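Novice:
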Amino acid sequence: MIGFRLDRRSNVVPYHQLVEQVRHALRTGLLEPGDQLPTVREVAESVAINPNTVLKAYRELEHDGLVEGRPGRGTFVVRSLAGPSLASHAALRRELLSWLRRARRAGLQPEDIQALIGITLRAYESEGAA
Amino acid sequence: MIAALEATGLAKRYGRTWALRDCTLAVPEGRVAALVGPNGAGKTTLLRLAVGLRRPTQGSVRVFGRQPRDDLASLARIGFVAQDTPLYPDLTVGEHLELGRRLNPTWDDGSAHARIAKLAIPVDRTASALSGGQRAQVALTLALAKRPDLLVLDEPVASLDPLARRGFLAELMGEVAERGLTVLLSSHLIADLEHRCDYLVVLSASRVQVLGEVDDLLATHAVLVGPSDAPEPIPGVGAVVSESRTDRQRTLFVRTEGAVPDPAWKAHPAALEDLVLAYLSEPTAGTLPGPEGSA
Chain P
0 MIGFRLDRRS NVVPYHQLVE QVRHALRTGL LEPGDQLPTV REVAESVAIN PNTVLKAYRE
60 LEHDGLVEGR PGRGTFVVRS LAGPSLASHA ALRRELLSWL RRARRAGLQP EDIQALIGIT
120 LRAYESEGAA
Chain B
0 MIAALEATGL AKRYGRTWAL RDCTLAVPEG RVAALVGPNG AGKTTLLRLA VGLRRPTQGS
60 VRVFGRQPRD DLASLARIGF VAQDTPLYPD LTVGEHLELG RRLNPTWDDG SAHARIAKLA
120 IPVDRTASAL SGGQRAQVAL TLALAKRPDL LVLDEPVASL DPLARRGFLA ELMGEVAERG
180 LTVLLSSHLI ADLEHRCDYL VVLSASRVQV LGEVDDLLAT HAVLVGPSDA PEPIPGVGAV
240 VSESRTDRQR TLFVRTEGAV PDPAWKAHPA ALEDLVLAYL SEPTAGTLPG PEGSA
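From first to last, the protein sequence lines stand for chains P and B. Sequential numbering from 0 applies to the first sequence in numbering that gives the first Met the number 0. Sequential numbering from 0 applies to the second sequence in numbering that gives the first Met the number 0.
#1: Would a check of beta-carbon distances place Met0 (chain B) closer than 9 Å to chain P?
#2: Mind checking the segment 197 to 216 of chain B against chain P and listing, in chain order, the residues whose C-beta falls within less than 8 Å of any C-beta there?
#3: Give me, in chain order, the residues of the same chain whose beta-carbon lies closer than 6 Å to that of Leu202 (chain B); leave out the 5 immediate sequence neighbours on both sides.
#4: By a C-beta neighbour count over all protein chains shown, 10 Å radius and 16 as the cutoff for buried, is Gln136 (chain B) buried or exposed?
#5: Using a cut-off of 7 Å between C-beta atoms, extract the partners of Thr52 (chain P) located in chain B.
#6: Count the C-beta pairs between the segment 240 to 247 of chain B and the segment 274 to 289 of chain B that are closer than 8 Å, then say yes if the count reaches three, no if not.
#7: For Gly39 (chain B), name the three-state secondary structure that DSSP assigns.
#8: So, with DSSP's three-state summary, where would you put Tyr198 (chain B)?
#9: Quick one: which chain P residues come within Cβ less than 8 Å of Pro268 (chain B)?
#10: So, do the segment 6 to 23 of chain B and the segment 47 to 67 of chain B have three or more beta carbon pairs nearer to each other than 8 Å?
#11: Taking the alpha-carbon positions, what's the Thr38 (chain P) to Gly73 (chain P) distance?
#12: Using a Cβ-Cβ distance cut-off of 9 Å, determine whether Ala114 (chain P) contacts chain B.
#13: For Val151 (chain B) and Arg78 (chain P), what's the separation of their Cα atoms in angstroms?
#14: Using three-state DSSP, classify Leu90 (chain B) as helix, strand or coil.
#15: If the cut is a Cβ gap below 7 Å, which residues of chain B does Arg40 (chain P) touch?
#16: If you follow the beta strand (DSSP E) that Glu242 (chain B) is part of, which residue opens it and which one closes it?
#17: Are the C-beta atoms of Val222 (chain B) and some chain C residue less than 9 Å apart?
#18: Decide if Ala294 (chain B) is buried, meaning its Cβ has at least 16 other Cβ atoms within 10 Å, or exposed.
#19: Closest Cβ-Cβ distance between Glu170 (chain B) and chain P: below 9 Å?
#20: Below 8 Å, can you find three or more Cβ-Cβ pairs linking the segment 8 to 28 of chain B to the segment 163 to 177 of chain B?
#21: Output needed for Ala157 (chain B): all residues of its chain with C-beta closer than 8 Å, excluding positions within five of it in sequence on either side, in chain order.
#22: Less than 8 Å between the CB atoms is what I'm expecting for Glu272 (chain B) and Glu154 (chain B), so what's the real figure, rounded?
#23: In the DSSP assignment, what are the bridge partners of Ser185 (chain B)?
#24: Taking C-alpha atoms, which residue in B:Arg124, B:Val200, B:Ala258, B:Leu223 lies nearest to Arg249 (chain B)?
#25: Under a three-way DSSP split, which group does Lys145 (chain B) fall into?
#26: How would you write the range of the alpha helix (DSSP H) that Gly64 (chain P) sits in, first residue to last?
#27: Note down, in chain order, all residues in the segment 23 to 45 of chain B with a beta-carbon under 9 Å from any beta-carbon belonging to chain P.
#28: Given a cut-off of 9 Å, decide if Ala269 (chain B) and Ala221 (chain B) are closer than it, judged by their beta-carbon atoms.
#29: Are the CB atoms of Leu149 (chain B) and Val182 (chain B) within a distance shorter than 9 Å?
#30: Please report whether the beta-carbon of Ile165 (chain B) lies at a distance below 9 Å from any beta-carbon of chain P.
#31: State the Cα-Cα distance for the pair Leu36 (chain P) and Val42 (chain P), rounded to the nearest angstrom.
#32: Determine the direct distance from the alpha carbon of Trp106 (chain B) to that of Gln66 (chain B), and round the result to whole angstroms.
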């Protein structure tokens, strides 16, 4: 079972924050097919948000084929987003850490690093690089 | 569909003072509606009329299609927590529950006791010995135990500390999820209402100023920041609700009509608090649904 949180300062609307948290848990393998999501009541109460927001998030996940509502029993994961890439996360993370150390030594602040990664990623995606 | 709460031309006069005037609104069933406005705007008057504690001077108020005043069947469907969540100071929590059980035919004793136990509130303690947060939770428990379809709360969290406020709102949201009841809640604490209320009623100077679905209202309003010498009217802006300016820059809170295409203006999404404050600061502005449109 996973727990949800809400970033009230975020510009991302609440229902989308909940969707993203489930997708993240599916990508990292924290949630797997067969796992149950907390009930709408549990989320509404623990996060203290309007239950319609939770319903909307669950409907979107269901529409995307990731979860399935089973009447009277709850909402269950039916598909994972963790691909074969999960196994290579650790190695990539090590390389990223050593790159981050070099970036910090070169005098980049965390915001500079985030901006650089964002710009490079966008350029890479827009080139359609292989 | 019948609205959970519907007021038509509702007005209330105390002596020579109109506390509420020409109030027309409908809260659809299943919504968590926020009622906000400055002190003296008529919020408490509207709530008291809605729960049948006062008789309208003009117009009517209906709860699930029936006038609540003097109608026992309607009153049984309404739960009410008055301002400062009053309890009998000398009665214990258990005696409050016993009183509720004897007075209400639809009383759910099991869930009331379960809720008090879950919150670890001692049943043998008198109300005067409870913390503010516990008193509010007991008042909420009493209102919920009669299994209302409409729950009306007048400033329930105003006197609570942040942790107790969150605890109260969490219980309320859980109950809405479980029972699908309609809630009308007045509050000054707009940050507490954000992401919890999905319907908004702004009362100002005894009149309804803003009314509608929170998502719709937020989607059709924005904060615009741009140069002070930008030409008017600004394409994509339906109405300027409020504005502030420096010698170089103007910050506008606007009702939008589609996107604002001019790159000189940077648009930021509206938050509930921005929206409420913008309208309250300009009492002559307003946005109401339906043919009367917006002023």
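Beta carbons: idealized from backbone N, C-alpha and C, even for Gly. Remember, predicted model here, so these are calculated numbers, not experimental data.
Specialist: The relevant details are as follows:
#1: No, Met0 (chain B) lies away from the interface with chain P (no Cβ there is under 9 Å from its Cβ).
#2: Per Cβ criterion, the list reads Asp197.
#3: Closer than 6 Å at the Cβ level, and outside the excluded window around Leu202 (chain B), lie Gly36, Ala40, Gly41, Lys42.
#4: With 16 or more other CB atoms across the displayed protein chains lying within 10 angstroms of its CB, Gln136 (chain B) is buried.
#5: Within chain B, the residues near Thr52 (chain P) are His194.
#6: Cβ pair count under 8 Å is three or more, so yes.
#7: In the structure shown, Gly39 (chain B) adopts coil according to DSSP, grouped into three states.
#8: It is a strand residue.
#9: Under a criterion of Cβ atoms nearer than 8 Å, the residues of chain P adjacent to Pro268 (chain B) are, in order, Asn10.
#10: Taking 8 Å as the limit for Cβ pairs, the verdict is that the segment 47 to 67 of chain B does touch the segment 6 to 23 of chain B.
#11: Distance between the alpha carbons of Thr38 (chain P) and Gly73 (chain P) is about 6 Å.
#12: No, Ala114 (chain P) does not count as interfacial toward chain B.
#13: Cα to Cα, Val151 (chain B) sits roughly 42 Å from Arg78 (chain P).
#14: Coil at Leu90 (chain B), not helix or strand.
#15: Neighbours of Arg40 (chain P) in chain B, taken as residues whose beta carbon is under 7 Å from its own, are Gly173, Ala176, Glu177 in chain order.
#16: It spans 236 to 244 - the beta strand (DSSP E) in which Glu242 (chain B) sits, taken as one unbroken run.
#17: Note that chain C does not occur in the displayed structure, where the protein chains are P and B.
#18: In this prediction, Ala294 (chain B) scores a pLDDT of 39, lower than 50, which makes its location untrustworthy; the coordinate-derived value is nonetheless stated afterwards. By the Cβ-count criterion, Ala294 (chain B) is exposed, with fewer than 16 other Cβ atoms from all chains shown falling within 10 Å of its own Cβ.
#19: Glu170 (chain B) counts as touching chain P.
#20: Result no; under three Cβ-Cβ pairs closer than 8 Å.
#21: So the list reads Gln82, Asp83, Ser186, His187, Leu188, once near-sequence residues are dropped.
#22: Incorrect: roughly 17 Å between the Cβ atoms, too far for contact.
#23: Partner(s): B:Leu34, B:Asp153.
#24: Looking at the Cα atoms, B:Leu223 is the closest of the given residues.
#25: Coil, per DSSP.
#26: Secondary structure note for Gly64 (chain P): it is in no alpha helix (DSSP H), with a DSSP letter that is neither H nor E.
#27: Among the residues of the segment 23 to 45 of chain B, those with a Cβ less than 9 Å away from any Cβ of chain P are Gly29, Arg30, Val31, in the order of the chain.
#28: In contact: Ala221 (chain B) and Ala269 (chain B) (Cβ atoms closer than 9 Å).
#29: Taking 9 Å as the Cβ cut-off, Val182 (chain B) and Leu149 (chain B) qualify as a contacting pair.
#30: Residue 165 (chain B) is actually Arg in this sequence, not Ile. Arg165 (chain B) counts as touching chain P.
#31: Roughly 9 Å between the two C-alpha positions.
#32: Cα to Cα, Gln66 (chain B) sits roughly 22 Å from Trp106 (chain B).
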